[in-house]
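Line order of the protein sequences matches chains A and B. Be aware that the first sequence starts at 0, since it is given in numbering that gives the first Met the number 0, and climbs by one per residue. Be aware that the second sequence starts at 0, since it is given in numbering that gives the first Met the number 0, and climbs by one per residue. Inspection log for the structure reproduced underneath, given as structure tokens.
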Amino acid sequence: MSSAQNDYFQLFALSEQFKIDTKLLDANFRKIQSTSHPDRFVTASAAEKLASMQLATLSNEAYDTLKNTARRAKYLLEKHGINAVADTNTALPMDFLMQQMEWREQLEEAKTGKDISALDKLHNALRTEASALESELADLFDHQKDYAAATEVTRKLIFIDKVCSDIQQAIEYLD
Amino acid sequence: MALLQISEPGMSAAPHQHKLAVGIDLGTTNSLVATVRSAMSTVLQDDHGHALLPSVVRYAPDGAVIVGHEAQAQQSADPTNTIVSVKRFMGRNINDITDRAHIPYKFVSASEDQAAKILQIETRSGLKSPVEISAEILKSLKSRAEKSLGGELVGAVITVPAYFDDAQRQATKDAARLAGLNVLRLLNEPTAAAVAYGLDNASEGNFVIYDLGGGTFDVSILHLSKGVFEVLATNGDSALGGDDFDHRIYCWVLDKVREVTANFAPLTEGDTRLLLTKARQAKEWLTDNFEAQVLCRLSNGILVDVTLTADQFVEITQHLVIKTLSPTRKAMRDAELSISDITGVVMVGGATRMPHIRQAVETYFQQEPLTNLDPDKVVALGAAIQANVLAGNKNDDDLLLLDVTPLSLGLETMGGLVEKVIHRNSTLPIARAQEFTTYKDGQTAMSIHVVQGERELVSDCRSLARFVLRGIPPMAAGAARIRVTFTVDADGLLSVSAREQSTGVEAHIEVKPSYGLTEDEITSMLKASFSSAEEDKKARMLAEARVSAGAIISSVTAALAADGNLISETEQNAIKAKIDRLQTIAAADDATAINQAVDALNHATEAFAAARMNASVSHALSGKAINSLEI
């Protein structure tokens, strides 16, 4: 496989930036799958089946990475040689850490109280928080090109994503 | 019967020739086979005009295997040798069957091994695995199709509940192979229903498929757009279905009879089967009536005569209806959609005829569910459409199914915890790798335990496979880097590989969990079913090898003519040399040598195939760019 197509942005014919045209991402994802999906190669040779499986798998992975903002930011940083989740990359401002502990407490409280609506509310609050971070990232990545600052915001977004999925899981167990 | 077409020796069949492919709905209660004829998906009927084949297999005293209505008629008279709802036991071990007391079969565990206690059923024809029993149903449908279509099938799409786990899927595929079917694809039932429904109605938007079958419940949420059916989320319960409603009626009837009968003797197996049949009839009657009478005489002479009203039926089964709504909510959350985003709700499965089910779904989604396609047939109709596409009969490429894995897949880590590697609702095919490390200094082997499920503890998930990775160089704890790769193909089937990579020393193992039957068992069963002489077998193998040689030569030659410029002349010549070699070998009579030369040619074209794939993707995307410029 050519290296061009191992680049997720190039694979979907998108320019390499944080703010992307998600409609185009969706449309091009479907086009790539329409061309490469194993269903198109059921009666093909083993070599063609292999090529189909590889490209369909790659485009699923790439799509999954780019459509989620936290994963997209992390991937962009990797392109600039920065591992946002490296053990050495732990610095986060105190106020965010305090905020994060507060969210965790609220989550535990709602879990103990079996309060699904409180969980829903917390989830919505976190989504609002996340979209503010996403606007910040668009500015840092696409205009200021300040990758050090983008790393910190990305780490915050990853934290929020994790809390969100823990909330979802809690709702599921209660339901 | 139509006459079979035979092409001239050495000539490949005309490209436009219609290939016979079918869709099979292998159901808990009933099974169906459908095909696309004259651009219409149609369910095939048996000689008596029946579309539904009851999924009942009877092992008769004379050694015959009877499938369908005739077997069903004998189920009360011969309960232990007449297997109904075998789908419930597919890929299951004996401990999975929690309501054994109510099932008249003699279950036997096939293996002493705790991890692979595949169950079998004792019949007068010997021990039968659910795979073998299901294969009898599939054989019956296959012969119905071949009789009706007048030729040999090139393949079949077999449907499975979306919520089937890896063990259940593998068992289904094994059953199809045992029945001599070439499986084009395992297709999730709700996705199949969506295809039949969506194409019929030219729909666009977000659709919920609520599929309550005889023994399984699935709910899938799909986004339909321009022929692409994208599954956003799926959920369900692989042990909840119409059978459970029958069982509630059965228990209720028994309670009523016990109230008025002193010294009620234990039921015989025949009585159990009789009462369950009466319960099912009462359930079906209540769809259009206010009350149902359950009337029959048990083997001990007791007359059962009770009346169940529709209200009472709702009361004793409402908890089952509610049980379907929890997976429905989960799927909605995973799809990140709210009720107002839903364009339509499609009802699938005979059990959705029950009015209180429809009512509950209507209340939850705030819209009347769609029932304009027969809920018993819609899955088979959709499977036939997909089979037609996969067999290559339809070339306009306007139908594409993007399905997901229903359950998360992971590994056991220290403390009996699960580390998820692939999350549920990931689009297929998918490959994902994760690194693990050693726990102790000098550790040279690692036990890898593959599990499926959503829970945090291994003990709450389904164990799929265990294997040991050996040959890890002794290092300090935490220094080794073991990369474990999970791959799930388009059938939803998993394979796992692991390798140690920190030192460059490679230890590699490939695991494909198999349930019920081993590869060797299937091969020997298949061989036994060919009664032909050794010479015939050889001739058949040679003929098959030559057909596949011819197919690959013509496809690679055509590919080189069209896209040879994608690779260097040296590479082209290397491929041409392999083609020449295969042509020479194919002229001789050695099937094994031909197959090896086919493999060699395949291998030689891998880079070329990848280059062509990339080129066609680039072409597809640039086509889009030009279109958008024109607008």
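Positions of the beta carbon are idealized from the N, C-alpha and C atoms, including for glycine.
For this session: Only counting runs of 3 or more residues, tell me where the beta strand (DSSP E) segments fall wholly within the stretch 413-499 of chain B, in order along the chain.
Result: For the stretch 413-499 of chain B, whole beta strand (DSSP E) runs of length 3 or above, ordered along the chain, are 416-421, 429-435, 445-451, 461-468, 481-487 and 493-499.
Exercise. Residues in the stretch 596-613 of chain B with C-beta within 9 Å of chain A's C-beta atoms, listed in sequence order?
Worked result: Taken in chain order, the members of the stretch 596-613 of chain B whose beta-carbon sits within less than 9 Å of a beta-carbon on chain A are Val597, Asp598, Leu600, Asn601, His602, Ala603, Thr604, Glu605, Ala606, Phe607, Ala608, Ala609, Ala610, Arg611, Met612 and Asn613.
Problem set entry | Residue-chain proximity (A/Glu15, chain B), Cβ-Cβ < 8 Å | So no, A/Glu15 is outside the interface.
Exercise. Can you pull the DSSP bridge partners for A/Glu128?
Worked result: Beta bridge pairing from DSSP links A/Glu128 with no other residue.
Exercise. Counting contacts by CB-CB distance shorter than 8 Å, is B/Lys536 in contact with chain A?
Worked result: Residue contact check for B/Lys536 against chain A: no CB pair falls below 8 Å.
Problem set entry | Assumed close pair B/Val218, B/Thr327 - CB separation to whole angstroms, cut-off 8 Å | In this structure B/Val218 touches B/Thr327 by the C-beta definition: roughly 5 Å separates them, less than 8 Å.
Exercise. Taking Cβ positions only, does B/Ser554 come closer than 8 Å to chain A?
Worked result: By this cut-off, B/Ser554 is an interface position.
Problem set entry | Cβ neighbours of B/Asp440 in the same chain (closer than 6 Å, five flanking residues each side left out) | Result list for B/Asp440: Ala475 and Ala476, in chain order.
Problem set entry | Whole alpha helix (DSSP H) elements within the stretch 316-371 of chain B, 4-residue minimum | The alpha helix (DSSP H) runs lying completely inside the stretch 316-371 of chain B and spanning 4 residues or more are 354-364, given in chain order.
Exercise. Rounded to a whole number of angstroms, what is the C-alpha to C-alpha distance between B/Val313 and B/Gly212?
Worked result: Here the C-alpha atom of B/Val313 lies approximately 18 Å from the C-alpha atom of B/Gly212.
Exercise. Does the stretch 15-31 of chain B come close enough to the stretch 128-141 of chain B that 3 or more CB-CB pairs lie under 8 Å?
Worked result: Counting Cβ pairs under 8 Å, three or more are found: they touch.
Problem set entry | Sheet register partners of B/Ser224 (DSSP bridge) | Listed as beta-bridge partners of B/Ser224 by DSSP are B/Val227.
For this session: In angstroms with no decimal places, state the Cα-to-Cα distance between A/Asp38 and B/Leu600.
Result: Between A/Asp38 and B/Leu600, the C-alpha separation is close to 22 Å.
Problem set entry | Proximal residues to B/Phe263 (C-beta, below 6 Å), its chain only, five neighbours per side dropped | Leaving aside the five residues that flank B/Phe263 on each side, the residues in its chain whose CB is nearer than 6 Å to its CB run, in chain order, Arg257.
For this session: Give a yes or no on whether 8 Å exceeds the smallest Cβ distance from A/Leu49 to chain B.
Result: Yes - at least one Cβ of chain B is within 8 Å of the one on A/Leu49.
Problem set entry | Euclidean distance between Cα positions of B/Gly563 and B/Ser617 | Roughly 17 Å separates the two Cα atoms.
Exercise. B/Pro428 CB to nearest chain A CB: under 8 Å?
Worked result: Answer yes: the Cβ-Cβ gap between B/Pro428 and chain A drops below 8 Å somewhere.
For this session: Using alpha carbons as the reference points, say which of B/Ile82, B/Ala76 and B/His49 lies closest to B/Val64.
Result: Residue nearest to B/Val64 within the set B/Ile82, B/Ala76 and B/His49 is B/Ile82 (criterion: CA-CA distance).
For this session: Please state whether DSSP places B/Lys393 in a helix, a strand or coil.
Result: Three-state result, B/Lys393: coil.
Exercise. Can you list, in chain order, the residues of its chain whose CB lies under 8 Å from that of B/Ser84, leaving out five sequence neighbours each side?
Worked result: If the five residues before and after B/Ser84 are omitted, its C-beta is found closer than 8 Å to the C-beta atoms of Thr27, Thr28, Ser54, Gly213, Gly214 and Asp242, all from its own chain and listed in chain order.
Exercise. Taking Cβ to Cβ, would you say B/Glu411 is nearer than 8 Å to B/Val457?
Worked result: Yes. Within cutoff.
Exercise. If we call anything under 8 Å between Cβ atoms a contact, is B/Ile208 one with B/Val345?
Worked result: Contact: yes.
For this session: Note down, in chain order, all residues in the stretch 15-46 of chain A with a beta-carbon under 8 Å from any beta-carbon belonging to chain B.
Result: So the close ones are Ala26, Asn27, Arg29, Lys30, Ile31, Gln32, Ser33, Thr34, Ser35, His36, Pro37, Asp38, Arg39, Val41, Thr42, Ala43, Ser44, Ala45 and Ala46.
Problem set entry | For B/Met39: DSSP bridge partner residues | Here B/Met39 is bridged, per DSSP, to B/Arg36.
For this session: Indicate whether B/Val42 and B/Leu468 have their beta-carbon atoms separated by less than 8 Å.
Result: Contact: no.
For this session: In the DSSP assignment, find the unbroken alpha helix (DSSP H) run with A/Arg70 in it and report its ends.
Result: Unbroken alpha helix (DSSP H) run through A/Arg70: Thr68 to Lys78.
Exercise. For the 8 Å Cβ check, are there 3 or more pairs between the stretch 189-205 of chain B and the stretch 385-401 of chain B?
Worked result: These segments touch.
Exercise. Which chain B residues sit within Cβ distance under 8 Å of A/Gln9?
Worked result: The contacting residues do not exist; A/Gln9 stays about 10 Å from chain B at best.
For this session: Report yes or no: do the stretch 33-53 of chain A and the stretch 159-173 of chain A share at least 3 C-beta pairs separated by less than 8 Å?
Result: No, because fewer than three Cβ pairs between the stretch 33-53 of chain A and the stretch 159-173 of chain A fall closer than 8 Å, the two stretches do not touch.
For this session: Measure from the C-beta of B/Arg580 to each C-beta in chain A and report whether the shortest distance is under 8 Å.
Result: Any Cβ of chain A closer than 8 Å to the Cβ of B/Arg580 would place that residue at the interface, and such an atom is absent.
Exercise. Which of the three DSSP states, helix, strand or coil, is assigned to B/Arg611?
Worked result: Reduced to three states, the DSSP call for B/Arg611 is helix.
Problem set entry | Residues that B/Arg247 bridges to, as DSSP identifies them | Within the DSSP bridge table, the entry for B/Arg247 names no partner.
Problem set entry | Residues sharing a beta bridge with B/Met291, DSSP | The sequence shown places Ala at residue 291 of chain B, not Met. The partner list for B/Ala291 (beta bridge, DSSP) reads B/Leu307.
Problem set entry | Backbone CA spacing between B/Ser501 and B/Ala478 [nearest angstrom] | So the alpha carbons of these two residues sit roughly 8 Å apart.
For this session: Per DSSP, which residues does B/Ala232 bridge with? Please list them.
Result: In the DSSP output, where bridge partners are listed per residue, B/Ala232 has B/Ile220.
For this session: Measure from the alpha carbon of B/Ser494 to the alpha carbon of each residue in B/Ile117, B/Arg431 and B/Glu453, then state which is nearest.
Result: The option with the nearest alpha carbon to B/Ser494 is B/Arg431.
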